[in-house]
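Encoded as structure tokens, the structure appears first; notes follow it.
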Amino acid sequence: MERKTQTSEEKDIILCRCEEVTQKTIEEAIGKGGDTLDSVKRSTRAGMGLCQGRTCQRLVAKILRDKTGKPLEALTPPTSRPPFRPIKLDLLAQEGNKTAERK
Amino acid sequence: METELAIVGSGPAGLAAAIEAAKTGVKVTIIDENPRPGGQLFKQIHKFFGSEKHKAGIRGIDIGHELLEQCEKLNVQIFLRTEVWAVFDNGKALGLKHANNTTEKLNTRKLILATGAIENPLAFPGWTLPGVLGAGATQTLMNLHRVLPGQRVLMVGTGNVGLIVSYQLLQAGADVVAAIDILPQIGGWGVHASKIRRLGIPILTSHTIKEAFGNNEVKGAVIARVGQDNKVIPETERTLEIDTICIAVGLSPMAELAQSAGCQTIHIAELGGWTPMHNKRMETTIKGIYVAGDVCGVEEASTAMEEGKISGIAAAESLGYLQRGKAKELMKERQESLNALRAGPFATQSKLGKEKLIERFHKC
């Protein structure tokens with residue numbers, strides 16, 4: 041079967057699919073001193089997309105563990121905050137108006 | 027909208043919790059984002075193991091029907107296609123978005139989070155190609171939606187999910203080219219492994235996937251043998267012509283609602299990752315918020331139902347629907363049942379994990 045003969049070591053792969061952040065970018069962020077999941081998230085946007093890190097958080101955590109030597113138990117998951125599912129601000133504004141009218 | 031007990035998630039844990047609480051007279055409201063209730067039960071067309079009182083010999087799908095029927099009899103309110111986009115006031119209110127695109131605040135006195143788990147990803151060159159999907163997602167596609175995702179499949183991971191889904195792929199008419207595992211031994215139960223071995227699926231331990239290739243979709247994969255350090259041994263690569271790669275490398279608790287509500291979490295590898303701490307009553311570090319099922323440690327549907335029952339009993343007691351003594355008695359029964367489920371040789375890890383979790387709860 042024909043295919044390109046590029047080895048996996050040379051390939052940079054996407055880890056955060058929502059924000060298209062690659063493994064290299066994550067590793068660079070850790071190299072620059074990002075030693076918590078939150079700091080890597082903030083500097084690279086990995087985990088800030090539609091799925092809010094549900095897919096990539098574990099992958100990033102493992103790289104962080106391997107690069108810093110910190111066990112997973114010593115890492116804190118990034119701050120979890122709403123909205124947990126994509127929601128239009130318009131919908132929330134409508135609800136806000138309803139609440140205001142009732143008052 | 028007002029309720030006494032809100033339950034997020036209508037899988038085995040959520041439904042079992044609802045039934046226990048509703049039996050005592052509690053007004054129960056279940057919220058689930060899926061179009062159908064039952065969580066993963068309705069795609070489990072295989073029979074459960076264990077003893078009879080743990081529903082052994084019954085298929086997941088039939089357990090699902092039974093639980094739903096009971097919920098209906100007890101007037102449990104179930105909102106489907108409804109998303110919880112926020113948890114407010116220490117779990118005393120939820121922000122809901124309904125299927126018809128309206129939002130609503132649900133005020134509740136107690137909250138049970140039974141949000142389940144999510145499949146773990148595995149990153150390798152080509153993992154974002156169409157054709158790479160979770161084994162659980164594959165099972166949903168096949169058994170619920172009656173869609174076969176491909177014809178020639180590589181299964182990555184030989185835990186029970188990987189083995190069972192391999193078998194079901196065969197039943198559905200696909201060809202499973204191989205099931206591989208990076209560990210030197212098969213992860214799941216012998217009974218499931220034997221079933222697929224008898225049907226000729228090679229199980230390759232100490233093997234990993236190096237890459238998937240194809241332009242717009244998976245056309246093949248390169249697998250290779252690994253040494254004791256889990257690194258690829260050169261010259262052991264081989265190319266498989268396949269169109270689908272199923273990833274079955276475990277599950278992680280979906281704990282973000284609990285985390286955002288302020289429930290303290292701890293990383294316990296045996297339970298699948300970051301898990302909300304809870305006591306024996308399934309109550310988290312935030313009073314009035316309970317957890318049950320995979321969200322507080324990935325186990326089986328049978329353990330999820332027992333934990334669900336305990337959380338339902340605890341919530342009913344704290345709402346004043348059950349006398350202390352009666353609640354204690356009921357919980358003791360359920361706890362014994364849970365201990366029995368966790369006494370098996372395959373549950374040693376989760377038993378250890380649960381002990382750690384409860385110990386840590388009492389330290390904070």
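From first to last, the protein sequence lines stand for chains B and D.
Using this note's numbering, read the first sequence as starting at 41 and increasing by one per residue.
Using this note's numbering, read the second sequence as starting at 27 and increasing by one per residue.
Even glycine gets a Cβ: it sits at the ideal position worked out from N, Cα and C.
Remember, it's a predicted structure, so these values are computed and weren't measured experimentally.
Any non-hydrogen atom of the ligand FAD closer than 7 Å to residue i Cβ
i: B/R142; result: With respect to small molecules bound, the structure shown includes none, and the ligand FAD cannot be examined in it.
CB-CB length for residue i against residue j, believed under 8 Å
i: D/K389; j: D/I294; result: Actually they are not in contact, since the Cβ atoms of D/K389 and D/I294 sit about 14 Å apart, beyond 8 Å.
i: D/A247; j: D/L266; result: 5 Å
i: D/R24; j: D/K335; result: Outside the shown range of chain D (27 to 390) lies residue 24 of chain D, about which nothing can therefore be said.
i: D/V179; j: D/V202; result: 5 Å
i: D/A140; j: B/F124; result: With a Cβ gap of about 15 Å, D/A140 and B/F124 do not count as contacting.
i: D/L225; j: D/L196; result: 6 Å
i: D/E282; j: D/M308; result: About 18 Å; that fails the 8 Å criterion.
i: B/T108; j: B/R57; result: Not a contact, Cβ separation roughly 24 Å.
i: D/L122; j: D/I227; result: Wrong, their Cβ atoms sit about 44 Å apart, outside the cutoff.
i: B/V80; j: B/L104; result: 6 Å
i: D/A149; j: B/L99; result: 5 Å
i: D/I273; j: D/P147; result: 7 Å
Within chain B, partners of residue i - CB distance below 7 Å
i: D/Q285; result: P117, S120
i: D/V110; result: F124
i: D/S278; result: R98
i: D/T154; result: I54, R57
i: D/G319; result: Residues of chain B passing the Cβ test: none, with the nearest at roughly 17 Å.
Residue range of the unbroken beta strand (DSSP E) whose run includes residue i
i: D/S278; result: 277 to 279
i: D/M181; result: 178 to 182
i: D/P302; result: 299 to 302
i: D/K221; result: Not the beta strand (DSSP E): D/K221 falls in the alpha helix (DSSP H), residues 216 to 224.
i: D/H233; result: 233 to 239
i: D/F114; result: 109 to 114
i: D/Q204; result: Before going on, a small fix: residue 204 of chain D reads as Ala here, not Gln. Run containing D/A204: 201 to 206, per the beta strand (DSSP E) assignment.
i: B/I103; result: Element bounds for B/I103: not the beta strand (DSSP E) but the alpha helix (DSSP H), 97 to 108.
i: B/A69; result: That residue, B/A69, is in no beta strand (DSSP E); its alpha helix (DSSP H) goes 63 to 71.
i: D/Q103; result: 103 to 105
i: B/R94; result: Counting along the chain, B/R94 falls outside any beta strand (DSSP E), and DSSP gives it neither H nor E.
i: D/T270; result: 270 to 273
i: D/Y347; result: From DSSP, D/Y347 is part of no beta strand (DSSP E); its letter is neither H nor E.
Residue range of the unbroken alpha helix (DSSP H) whose run includes residue i
i: D/N365; result: 350 to 367
i: D/M168; result: 161 to 169
i: D/I89; result: 86 to 99
i: D/Q194; result: 186 to 197
i: B/N137; result: 129 to 142
i: D/G40; result: 38 to 49
i: D/G121; result: Where D/G121 is concerned, there is no enclosing alpha helix (DSSP H), although the beta strand (DSSP E) it sits in stretches over 119 to 123.
i: D/E333; result: 327 to 344
i: D/H388; result: 374 to 389
i: D/A284; result: 282 to 286
i: B/L77; result: 77 to 84
Neighbour list for residue i in chain D, Cβ cutoff strictly below 7 Å
i: B/E135; result: T129
i: B/E113; result: H293
Interface partners of residue i on chain B, CB under 8 Å
i: D/K123; result: R125, I127, L131
i: D/E282; result: Q92, R94, S120, F124
i: D/G391; result: Beyond the ends of chain D as shown, which are 27 and 390, falls residue 391 of chain D; an answer cannot be given.
| said: Count Cβ pairs between the region 254 to 274 of chain D and the region 344 to 364 of chain D that sit closer than 8 Å; are there 3 or more? | reply: no
| message | Short of 8 Å Cβ to Cβ, which residues in the region 215 to 247 of chain D face chain B? | response | Answer in chain order: K236, E237, F239, K245, G246.
| query | When you check each C-beta in the region 88 to 109 of chain B against every C-beta of chain D, which residues fall closer than 8 Å? | reply | Result list: Q92, R94, T95, C96, R98, L99.
| message | Assess contact between the region 232 to 246 of chain D and the region 134 to 146 of chain D, defined as three or more Cβ pairs (one per stretch) separated by less than 8 Å. Is contact present? | response | no
| Residues of the region 58 to 89 of chain B whose Cβ lies closer than 9 Å to any Cβ of chain D, in chain order | For the region 58 to 89 of chain B, which is checked against every Cβ of chain D, the residues closer than 9 Å are Q63.
| Touching or not, the region 105 to 117 of chain B and the region 303 to 316 of chain D, by the rule of three or more beta carbon pairs under 8 Å? | no
| field | the region 61 to 72 of chain D / the region 38 to 51 of chain D touching (three or more Cβ pairs under 8 Å) | value | yes
| Contact list for the region 130 to 149 of chain D against chain B, Cβ threshold 7 Å | I144, N146, P147, A149
| query | Should the region 306 to 317 of chain D be regarded as contacting the region 125 to 138 of chain B, the criterion being three or more beta carbon pairs within less than 8 Å? | reply | no
| Do the region 88 to 100 of chain B and the region 182 to 195 of chain D make contact, defined as three or more Cβ pairs closer than 8 Å? | no
| request: Would you check if there are 3 or more beta carbon pairs closer than 8 Å linking the region 111 to 131 of chain D to the region 205 to 217 of chain D? | output: Not touching, per the Cβ criterion.
| field | At least three beta-carbon pairs within less than 8 Å, the region 96 to 106 of chain D to the region 41 to 56 of chain D | value | Short answer: they touch.
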